[in-house]
Structures are given as structure tokens and as C-alpha cells.
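Asker: Structure below; questions to follow.
2 protein chains.
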Amino acid sequence: MTDATPSEADELPREAAILDHAARLFYERGYGTVGMRTIAEVVGVRASSLYHYFASKTDLLYQICLGVARDFIDELLPILSGPEPYAERMADFLRRHIELRWQRRHWISTAQQELRALAPDQAAEVAGLLRAYQRSVQAFIEQGAASGAFQVADPRLAGIALLDMVNGVNSWYRPAGARSLEEIATAYSGLAVYNLLGARRAGPPDAESSRAS
Amino acid sequence: MTDATPSEADELPREAAILDHAARLFYERGYGTVGMRTIAEVVGVRASSLYHYFASKTDLLYQICLGVARDFIDELLPILSGPEPYAERMADFLRRHIELRWQRRHWISTAQQELRALAPDQAAEVAGLLRAYQRSVQAFIEQGAASGAFQVADPRLAGIALLDMVNGVNSWYRPAGARSLEEIATAYSGLAVYNLLGARRAGPPDAESSRAS
DNA sequence: GTCTATAGAACGATAGAC
DNA sequence: GTCTATCGTTCTATAGAC
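As given, the protein sequences belong to chains L and S, one line each in that order. In terms of the numbering used here, the first sequence has 150 at position 116, counting the first letter as 1, and numbering is strictly consecutive. In terms of the numbering used here, the second sequence has 225 at position 191, counting the first letter as 1, and numbering is strictly consecutive.
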């Protein structure tokens, strides 16, 4: 820790600060509506200075999309490989997924909504990473269903339904609301694991005995 | 039926055709990235001609958002007031909701993603309509839970989870895929009603006896 | 590494002929 | 109702001084 922990984009190295400010603006106004002058103004430089760090506006977008896609893969997928029971791993994963999505909402929303502005090969690269993340979740659910931990007719469909459900949180959650994000994340992962995936509460995956209510 | 049924935007009255082409372009490229010249080119006129029908680019966006929000309210909410059991009404509603969302994907996506480009009062008007639609679904689930048709701990949360889940279909469904939209809509409404909302399969809402498996 | 200055194109919107 | 012509602005991106 050679520096004080930076909590604002302005305290980051300039290159990272530019990306963070750009992601925030793209999130708030849409990629097409935001000009390089606006990004530069928020960063505190002239527009031409941005081109010292990034080749073009689409390059900015590309770095944002690529970076956040890799972050989700690196930070969250390992949870699914832990030693805990399927239902517990899934619930942990979903809580972290929901919380990370909110923390990085400017980046992840940009990656999911503005890919169309990238060149085809760059868009395909990012889309591939996002798809790999989704498929890992689907594969985990398939394994859980095969092991009997999840009771679900169509694991692939349930997986995508589950992700769409939790991904919606960012569109309506507001910090000023009645519930904290942690409460929402816990309630949602419960809904997902016990209702949508049909996991049984408590007990090992192959237990047939206990049934509350 | 005084005219042949128009299936392309070009066969609609010009004003409607402009809106449909604009919605498609906004959907494909984002509001900020699409220029009035591009819209005009697709319609087959010069940019200045668009101003005979609409006052500005934001007016185009406003008409799109307002129109589709009203359509969903008028066409789908009546289903929830039918005489059928709660689970059946909900399943019907969700199937129709999923199918209408796909049919009108250019419009509804624009309404949900590009509201930020509208003037505050116009954005608030549209957001109010979309929120009213969502709240009607939540209220229906609350009634169903109170009547015992749905077994769900938090009806409000379940309602928003359910809508986020079905609203995700447009982001991954492709007509060339393995499953038809009708199959997906049926599978999804089953997941929503019987898993997420905990409705019991068949039998009247207050029956406590039958339990499959 | 940031600046001024600007090229060259595209933007939203308007005026006025037909 | 559609056109041509154009106004004034803004856009991405570059050149070159410091």
C-alpha cells in the first residue's frame, strides 16, 4: 500500500480515471450521446489529451467492455468451484454477482448495451467472454441438477432465467430505497436457488426425508 | 379491412412508418448514434421532411416511448382481470407479455433504455406508465398470494424478479434458434408461476391435498 | 503529457420554393 | 408534403508547439 486507497476516479492513474469517467458517462447518457469533449471535461483535460492514452472513442469503449468482462470471470467464477454444497455455492455466487454488478454498474451496463458500437471482431471478443461467463453458470446448474441438488426440468433455460432475473436488479435498485443491496442480494439468491432451481432447504443434496411445512 | 394488411413499415401511413423505422434504428444502434438523415434515408425521404410530422428528434423518441407503453397497458393488463384462477391468468399474461415484447422489441427496448434522452417531464410521464404496468403485476401477485394461489414470501420482490426474468428473453432469443418463441414463452411462464410464485399444479387455489411426486 | 488550433465531416433544425 | 439549400454547431481526430 504505497498510496492512499483511491475511492474516486480522479485519484486513479489517469488512464484508469479516463476509463472510469467514460464508463459513467456512457452509462448515464449512452455511448452515442457522449462526446470526447465531455469525457475530457469531466477528467479535467482537453479532448486531444485523451488520444495520448486511447486511439479512438471506440477504443475507450473496447477497453471498458473487455476489462469488466474479464473481472467478472476472474472474480466470481472461482466461487462455483468451491467445496461447499451446490445450493450454497450458487447462493454465494449470486450474492457476489449482484453486489459486483451494482459496484461496477457503469462498466457492466456499457458492456452489455453498447457492444454494437464496436468493430465486429472486438464486439465478438467481448460477447464471447460474456457468453463464457453465462455458460459456466449454466454448466454449474446442469451439474447440480444431475447430482440431485437442483430440481429443475431444463437447466439451461433455468440458468438464463436466473441470470436475467438477478441482472435486472441494477435497473430498479436505488441506495435511498427501503432495502439495502445486501438484503436484496440475499432475498434474490434465495428466490433463485430455492424457488427457481428447486433446491431443498438444508440437508445434503441426496436427502429425501426432511420437508418443512 | 379497407387495405391489405401492412406487414412492413413502408406500407404504413408515413407518420407511423417514420416511427417504426426510427424505433428500429434506435434499437439497433442507440438513440445518440442515429441521425435524422439516417432515419430519413430508410424512410425514403429527405431529413427536412421528417419535421413535417415531428417537431424534433426527441419528439420522435417521445412518441415511440409513449405509444409502446400505452400498448402494453391496454393490450395486456386486461388479462389479469379475467375470471380464470390466478395461476392460469398469470401464465396467460406472461405468455402474451413475452410474445408482445418480442414483436415490439424495437419500441419497448427504446422505451426502457433511451428515456434519459427525453426532457425530464416527458421521461417522467413514460416512466410513470411503465411503472404503473409493473405495479399492476405486483398487485396481482399480492392478491394471488393473499388468496393462497401463490406461495411466496415477498410478493413485491417476486413480481419484479418475475418481470426482470421474462424481460430478458429479448436479449438472447433468436428466431433461428432451436426453440420457437412460443415454446420459450410457455416454458418461462411455467417457471415463473410454478417455481418462482410457488403455485400448485392443477386443483383449486385452496386445495391442500394433491401433491405430485 | 498537455496544450492550441483546426481539418473535415456530420449533426439538428429552419427557410422558402414548388 | 417534399424538396434544395443552408445556418450554426458539434463531432472525432490530427498536427505541432511547449
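Ideal placement from N, C-alpha and C gives every residue a C-beta, glycine not left out. Keep in mind the model is a prediction, meaning the values are calculated, not measured.
(1) Spatial neighbours of L192(S) within its chain, please: CB distance less than 7 Å, with the 5 preceding and 5 following residues excluded, ordered by chain position.
(2) Could you name the residues of the segment 123-151 of chain S whose beta carbon sits closer than 9 Å to any beta carbon of chain L, in the order they occur along the chain?
(3) Cβ of E109(S) less than 8 Å from any chain L Cβ?
(4) Using the rule of at least 16 other Cβ atoms within 10 Å of the residue's Cβ for burial, across every protein chain shown, is A158(L) buried or exposed?
(5) Check each candidate in I142(S), Q146(S), Q137(S) and name the one with the smallest Cα separation from R208(S).
(6) Does the beta carbon of L215(L) sit closer than 8 Å to a beta carbon anywhere in chain S?
(7) When you compare the CB of A192(L) with every CB in chain S, is at least one pair closer than 8 Å?
(8) I'd like to know whether the C-beta of E176(L) is nearer than 8 Å to at least one C-beta of chain S.
(9) Measure the alpha-carbon distance for R190(L) versus E118(L) and round it to whole angstroms.
(10) Kindly indicate if chain S contains any beta-carbon less than 8 Å away from that of S243(L).
(11) Taking the alpha-carbon positions, what's the E62(L) to A180(S) distance?
(12) May I have the straight-line CA-CA distance separating V200(S) from L128(S), to the nearest angstrom?
(13) Quick one: is E148(S) buried, meaning 16 or more other Cβ sit within 10 Å of its Cβ, or exposed?
(14) Report, in whole angstroms, the separation of the C-beta atoms of G66(L) and T67(S), which I expect to be a contact under 8 Å.
(15) Excluding the 5 residues preceding and the 5 following R169(S) in the sequence, name in chain order all residues of the same chain whose CB lies nearer than 7 Å to its CB.
(16) Is there a C-beta anywhere in chain L that falls below 8 Å from the one on E75(S)?
(17) Quick check on P239(L): does DSSP put it in helix, strand or coil?
(18) Examine the Cβ distances between the segment 52-59 of chain L and the segment 89-107 of chain L and report whether three or more of them are shorter than 8 Å.
(19) Closer than 8 Å, CB to CB, is M70(S) near chain L or not?
(20) Which stretch, first to last residue, makes up the alpha helix (DSSP H) that contains T301(L)?
(21) Thinking just about the alpha-carbon of each residue, which of E49(S), L196(S), A183(S) is nearest to the one in A21(S)?
(22) When you compare the CB positions of Y167(S) and L114(S), do they come within less than 8 Å of one another, or not?
(23) If I follow the unbroken alpha helix (DSSP H) through E45(L), where does it start and stop?
(24) Kindly give me the distance between the Cβ atoms of L225(S) and A195(L), rounded to whole angstroms, as I take these residues to be in contact under 8 Å.
(25) Expressed to the nearest angstrom, what Euclidean distance is found between the alpha-carbon atoms of L46(L) and Q172(L)?
(26) Nearest CA to the CA of R144(S): which residue from P154(S), R130(S), A161(S)?
(27) Under the three-state reduction of DSSP, which class applies to L152(L): helix, strand or coil?
(28) Rounded to the nearest angstrom, what separates A51(S) and R80(L) at their Cα positions?
(29) What would DSSP say about G193(L), mapped onto helix, strand or coil?
(30) I'd like to know whether the C-beta of G78(L) is nearer than 8 Å to at least one C-beta of chain S.
(31) How many angstroms separate the CA atom of M70(S) from the CA atom of H86(S)?
(32) Along the segment 52-67 of chain L, what residues have a CB closer than 8 Å to any CB found in chain S?
(33) Closer than 8 Å, CB to CB, is Y96(S) near chain L or not?
(34) Kindly list, in the order they appear in chain L, the residues whose Cβ is closer than 9 Å to that of L225(S).
(35) With 8 Å set as the bound, which would you pick, yes or no: does the beta-carbon of G202(S) sit closer than that to a beta-carbon of chain L?
Answerer: Quick answer:
(1) Stepping through the second sequence from its first residue, residue 192(S) is reached at position 158. The question names Leu, but residue 192(S) is Ala in the sequence shown. Taken in chain order, the residues that qualify are I175, V186, L230, L231.
(2) Q146, Q147, E148, R150, A151
(3) Numbered from its first residue, the second sequence carries residue 109(S) at position 75. Judged by the 8 Å Cβ criterion, E109(S) is not in contact with chain L.
(4) By one-based count along the first sequence, residue 158(L) stands at place 124. Classification for A158(L): exposed.
(5) Here residue 208(S) refers to the residue found at position 174 when the second sequence is read from its first residue. Proximity to R208(S) across I142(S), Q146(S), Q137(S) peaks at Q137(S), based on C-alpha coordinates.
(6) To locate residue 215(L), count along the first sequence from 1; it is residue 181. Not an interface residue.
(7) Working through the first sequence from its first residue, we reach residue 192(L) at position 158. Chain S contact via Cβ: present.
(8) In the first sequence, residue 176(L) corresponds to position 142, counting from 1. Judged by the 8 Å Cβ criterion, E176(L) is not in contact with chain S.
(9) One-based indexing of the first sequence puts residue 190(L) at position 156. One-based indexing of the first sequence puts residue 118(L) at position 84. The straight-line gap from Cα to Cα measures roughly 22 Å.
(10) Against the first sequence, residue 243(L) aligns to sequence position 209. Legend: pLDDT at S243(L) = 44, less than 50; position of this residue unreliable, no value from coordinates given.
(11) Numbered from 1 along the first sequence, position 28 holds the residue referred to as residue 62(L). Numbered from 1 along the second sequence, position 146 holds the residue referred to as residue 180(S). Near 39 Å, if we compare the C-alpha coordinates of A180(S) and E62(L).
(12) In the second sequence, the residue the question calls residue 200(S) occupies position 166. In the second sequence, the residue the question calls residue 128(S) occupies position 94. Going by the C-alpha atoms only, they are around 8 Å apart.
(13) Within the second sequence, the letter at position 114 stands for residue 148(S). Buried, since its Cβ has 16 or more Cβ neighbours within 10 Å.
(14) As a first step, residue 66(L) is located in the first sequence; it is residue number 32 there, counting from the start. As a first step, residue 67(S) is located in the second sequence; it is residue number 33 there, counting from the start. Yes, they are in contact, since the Cβ atoms of G66(L) and T67(S) sit about 3 Å apart, within 8 Å.
(15) Mapped onto the second sequence, residue 169(S) falls at position 135. Shown here for R169(S): not one same chain residue has a beta carbon closer than 7 Å to its own, the five before and five after excluded.
(16) Translated into positions along the second sequence, residue 75(S) becomes position 41. False, the Cβ-Cβ gap to chain L never drops below 8 Å.
(17) The residue you call residue 239(L) lines up with position 205 of the first sequence. The predicted model places P239(L) with a pLDDT of 48, which falls under 50 and marks its position as unreliable; any figure quoted below should be read in that light. Three-state DSSP puts P239(L) in coil, outside helix and strand.
(18) yes
(19) Locating residue 70(S) in the second sequence gives position 36, counting from the first residue. With 8 Å as the cut-off, M70(S) does not count as an interface residue toward chain L.
(20) No information on residue 301(L) is available, as it lies outside the stretch 35 to 247 that chain L covers here.
(21) Absent from the structure is residue 21(S), since the part of chain S shown begins at 35 and ends at 247.
(22) As a position in the second sequence, residue 167(S) is number 133, starting the count at 1. As a position in the second sequence, residue 114(S) is number 80, starting the count at 1. Not closer than 8 Å, so no.
(23) The residue you call residue 45(L) lines up with position 11 of the first sequence. Boundaries cannot be given for E45(L), as no alpha helix (DSSP H) includes it and DSSP labels it neither H nor E.
(24) As a working note, residue 225(S) is residue 191 in the second sequence. As a working note, residue 195(L) is residue 161 in the first sequence. Between A195(L) and L225(S) the Cβ distance is about 6 Å, and since that is below 8 Å, they are a contact.
(25) Here residue 46(L) refers to the residue found at position 12 when the first sequence is read from its first residue. Here residue 172(L) refers to the residue found at position 138 when the first sequence is read from its first residue. Taking the straight line joining both Cα atoms gives about 36 Å.
(26) As a working mapping, residue 144(S) is identified with position 110 in the second sequence. The question names Arg, but residue 144(S) in the sequence shown is Thr. The candidate whose alpha carbon is nearest that of T144(S) is A161(S).
(27) Position 118 of the first sequence, counted from the first residue, corresponds to residue 152(L). Here L152(L) sits in coil by DSSP.
(28) Sequence index remark: in the second sequence, residue 51(S) carries index 17 (1-based). Sequence index remark: in the first sequence, residue 80(L) carries index 46 (1-based). The straight-line gap from Cα to Cα measures roughly 42 Å.
(29) Translated into the one-based positions of the first sequence, residue 193(L) becomes position 159. In this structure, G193(L) counts as helix in the three-state DSSP scheme.
(30) Taking the first sequence and counting its residues from 1, one reaches residue 78(L) at position 44. Not closer than 8 Å to any Cβ of chain S, the Cβ of G78(L) fails to qualify, so no.
(31) Here residue 70(S) refers to the residue found at position 36 when the second sequence is read from its first residue. Here residue 86(S) refers to the residue found at position 52 when the second sequence is read from its first residue. Taking the straight line joining both Cα atoms gives about 13 Å.
(32) E62, R63, G64, Y65, G66, T67
(33) On the second sequence, position 62 is the one that residue 96(S) refers to. Y96(S) does not count as touching chain L.
(34) Translated into the one-based positions of the second sequence, residue 225(S) becomes position 191. What L225(S) touches in chain L: V186, A187, D188, L191, A192, A195, L230.
(35) Residue numbering aside, residue 202(S) sits at position 168 when the second sequence is read from its first letter. Interface residue, yes.
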